[in-house]
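One structure is given below, encoded as structure tokens.
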Amino acid sequence: MPDIPQWASQALSGVYDPCCREKGISVVEMGLIRSVELDGGGRARVELLLTTGWCPFAARVLTEVRERIEEQPGVERAEVEVVWDEPWTVERLSPRAARLLRFLPAPAQVPDKEAFIREELR
């Protein structure tokens with residue numbers, strides 16, 4: 001998970017990628033927020049990753065992220081930018097999001113496969 005300021009994490013915990021809204025997985029838990037910076041003049045800059053460059057909801061997510069950040073004390077204006085120099089991968093998911101989306105580790109990463117399968121079937 002990215003290291004973003006607590007105030008920004010809290011503000012964005014209610015913003016959802018529409019594909020994950022019904023599971024209650026925020027853009028923070030999805031690992032879509034790469035960074036949030038606030039300068040001394042009340043300007044915030046947010047870097048956002050997309051799960052795919054073809055996301056039909058990108059404009060909606062960017063707008064909602066900007067609006068939530070601009071609602072925060074000390075923020076007068078926010079700029080949200082999609083960054084393309086880093087691909088989004090499932091490793092960015094929070095443990096909770098990975099469980100809810102059922103992303104499983106590679107078999108070689110599971111030392112006791114039988115115990116892992118029993119746990120997953122619970």
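With full-length UniProt numbering applied, the sequence shown closes on residue 122, and no number is skipped along the way.
Ideal Cβ positions, reconstructed from N, Cα and C, are used throughout, including at glycine.
Hey, out of the options, whose CA is closest to residue i's CA?
i	options	result
V65	G74, A44, T51, D85	A44
D39	A78, T63, W88, T89	A78
G98	A115, W7, G24, L48	The identity of residue 98 in the sequence shown is Ala, whereas the question assumes Gly. Closest option to A98, Cα to Cα, is G24.
A11	P18, V27, A59, E47	V27
V80	S9, C55, A59, R118	A59
Starting from residue i and walking both ways along the beta strand (DSSP E), at which residues does that stretch end?
i	result
I33	33-38
Measure the alpha-carbon distance for residue i versus residue j and round it to whole angstroms.
i	j	result
V90	G42	33 Å
S35	V82	11 Å
M1	M30	Reliability fails at M1, whose pLDDT of 48 lies under 50, so the model's placement of it is uncertain and no value is given.
A8	T52	23 Å
Q6	E86	23 Å
E48	R102	Note on identity: in this sequence residue 48 is Leu, with Glu being the wrong assignment. Roughly 23 Å separates the two Cα atoms.
E76	V46	14 Å
Ends of the alpha helix (DSSP H) at residue i?
i	result
residue 198	No answer is possible for residue 198: the residues shown for the chain start at 1 and end at 122.
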